[in-house]
């Protein structure tokens, strides 16, 4: 289970770096939000390696 602070941090990251809709992100369940965050974070890491 993700804490409220962790959810807020993930949502803020996705909104800032990918222009995600905060309302849609807030409605995601923990599992989906975590997977979306991990995908986005890995993508940024890959882009920074280029």
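Residue numbers (the working numbering): 1464 to 1513.
Note that CB positions come from ideal geometry on N, CA and C, so glycine has one too.
Nearest Cα to residue 1503 within the set 1487, 1490, 1482 and 1492: 1482.
Residue 1465 places its beta carbon less than 8 Å from that of residue 1493. As the crow flies, the alpha-carbon of residue 1470 is around 13 Å from that of residue 1501. Straight through space, the alpha carbons of residue 1479 and residue 1513 are spaced by roughly 21 Å. Around the beta carbon of residue 1509, fewer than 16 other beta carbons sit within 10 angstroms, so the residue counts as exposed.
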